[in-house]
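In this note's numbering, the protein residues as written are 12 to 232.
Backbone N, C-alpha and C fix where the C-beta goes; we use that ideal spot for every residue, glycine too.
One structure is given below, encoded as structure tokens.
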């Protein structure tokens, strides 16, 4: 699927988060990357999928937030890895750069599910917080790094499949009316295509220039 060079990395841990969601942690092995970068991870049968790095660019490990999909060719295999297993990981690629290269403009994060990964990477790398973060999950237990997000920037969590005390019940798009609008601000959207498209359309309808809407669509497999 990918023709990039790869390096070998030792699995440090596979940490269950909730249900089919887990964190994969591997040694960094000197891999250089920027927040927002993706890598492809290979299985023993040469199948691969891209995953966004969730760790900071100065940390000694690489972390990934992964949902194990029924019938998937890669994610269920990764969920079964054990410490000291070896994974082949490509060199980083991508163009999604949350909060970077925009001078002093304010910016906002919007994520669903595993789409929080590049924003976690940003948070672990840089000190300048976004003006706000909207984060959508199915269940409250699916939220990763929520307490740290709350300490980093104003954050609202949308929980779509259950009522969770203190959080909005519904899809993240139900919180868009709470999003501060600024003609000079940048908006970073990461997650499933339906959310990214809906948020992008809403922002444009409310006067945000398309050049200030940054999109990263996630697929599972």
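The residue among 142, 171 and 174 with its C-alpha nearest the C-alpha of residue 161 is 142.
Cβ-Cβ distances below 7 Å link residue 65 to 74, 75, 76, 128, 131 and 132 in the same chain, with the five nearest sequence neighbours on each side left out; the list follows chain order. The beta carbon of residue 39 sits closer than 6 Å to those of 71, 72 and 73, all from its chain and outside the five residues before and after it, given in chain order. Considered as a whole, the stretch 117-169 harbours 128-136 and 157-163 as its complete alpha helix (DSSP H) runs of no fewer than 4 residues, in chain order. By the neighbour-count definition (other C-beta atoms within 10 Å, threshold 16), residue 139 is an exposed residue. Checking the DSSP bridge columns, you'll see residue 24 partnered with 36. Distance between residue 192 and residue 219, taken at the CA atoms: about 8 Å. Distance from the CA atom of residue 119 to the CA atom of residue 22, rounded to whole angstroms, is 33 Å. Per the coordinates, the alpha-carbon of residue 150 lies some 25 Å from the alpha-carbon of residue 84. Approximately 11 Å separates the beta-carbon atoms of residue 126 and residue 230; this is outside 8 Å, ruling out the contact. Close CB contacts of residue 213 within its chain, under the 6 Å cut and outside five residues either way in sequence, are with 187 (chain order). In chain order, 64, 68 and 103 place their CB closer than 7 Å to the CB of residue 44, counting only its own chain and leaving out the 5 sequence neighbours on each side. Residues 118 and 133 of the same chain have their beta carbon placed closer than 6 Å to that of residue 110, with the five preceding and five following residues left out of the count. Remark: C-beta atoms of residue 99 and residue 19 approach each other more closely than 8 Å. Residue 124 and residue 203 do touch by the CB rule: their CB atoms are close to 7 Å apart, below 8 Å. By DSSP's assignment, residue 29 forms a beta bridge with 32.
Counting only the Cα atoms, residue 168 lies some 19 Å from residue 33. For residue 191, there is no enclosing alpha helix (DSSP H), since its DSSP letter is neither H nor E. Burial state of residue 227 is buried, judged by a 10 Å Cβ sphere holding 16 or more other Cβ atoms. Around the Cβ of residue 27, a 10 Å sphere holds fewer than 16 other Cβ atoms; the residue is exposed.
Around residue 223, the same chain offers 197 as residues with beta carbons nearer than 6 Å, after the five sequence neighbours per side are excluded. Within its own chain, the residues whose Cβ lies closer than 6 Å to the Cβ of residue 122, once the five positions on either side in sequence are excluded, are 130, 146, 201 and 202, listed in chain order.
Beyond the five residues adjoining it in sequence on each side, residue 163 comes within less than 6 Å, by CB distance, of 134 and 140 in the same chain, given in chain order.
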